[in-house]
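*Asks:*
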Amino acid sequence: MKGIYYNYDLDECNWMFKQGVHPIGCGTHDKTGNTFIIFMLTKQYRQLEKKYREEIQTKQ
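For the sequence shown, this note's numbering gives the first residue as 2, with consecutive numbering after it.
Below is the structure:
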């Protein structure tokens with residue numbers, strides 16, 4: 002499950018930062034100009050991604 006993930010959901014990224022996940026980079030999409038944060042796909046990242054989708058996004 003190793004690799005990198007380009008996350009365009011900045012609310013999720015900020016939440017991940019507060020949970021202790023560290024990014025490995027950032028950038029902007031060449032065509033759209035949207036900002037993204039780059040994360041390593043680790044077990045911790047996947048667990049928190051699932052938790053965010055279950056708990057945080059369902060409240061919005």
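Positions of the beta carbon are idealized from the N, C-alpha and C atoms, including for glycine.
All of these numbers come straight from a predicted model, not from anything done at the bench.
1. By a C-beta neighbour count over all protein chains shown, 10 Å radius and 16 as the cutoff for buried, is I57 buried or exposed?
2. Are F37 and P24 touching if we call contact CB-CB under 7 Å?
3. So, is E50 buried or exposed, given that buried needs 16 or more other C-beta atoms within 10 angstroms?
4. Give me the Cα-Cα distance between K44 and G4, rounded to the nearest whole angstrom.
5. So, helix, strand or coil for T59, using DSSP?
*Replies:* Considering the structure as presented:
1. exposed
2. no
3. buried
4. 11 Å
5. helix
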